[in-house]
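> Be aware that the sequence shown starts at 516, since it is given in the working numbering, and climbs by one per residue.
All residues carry an ideal CB built from backbone N, CA and C; glycine is no exception.
Structure below; questions to follow.
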Amino acid sequence: MKNKRLNLAGFSLIELLVVIAVIAILTAIAIPLYNSYTLRAHRSDAISALSTIAMNEEAHMLSSGIYTGTLNEVWLGTTSTRGFYAMTCQA
């Protein structure tokens, strides 16, 4: 009798290791890119909050003719819009 090999459907160990290696490489590339994207988003949130404070300062200048001595007058509870930063004003 001849030895007949059964034709089993499935993956070999080498195929599985290749797939895992490809996933690891893609992950190693994607995570730093995602981190830099979120950092840019957080920075734009802080810039937006600071721009609001600057607009309030300019509005105060137009209405009273002088800039404020402290930011307490124009702060008006400004927070970052997405909540990434907690901003406070100390005199």
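Do you know offhand how far Glu-588's Cα is from Phe-599's?
The alpha-carbon atoms of Glu-588 and Phe-599 are separated by roughly 24 Å.
> Start and end of the alpha helix (DSSP H) containing Ala-561?
528–579 is the extent of the alpha helix (DSSP H) around Ala-561.
> Between Met-576 and Ile-546, what straight-line distance do the alpha-carbon atoms span, to the nearest angstrom?
Near 45 Å, if we compare the C-alpha coordinates of Ile-546 and Met-576.
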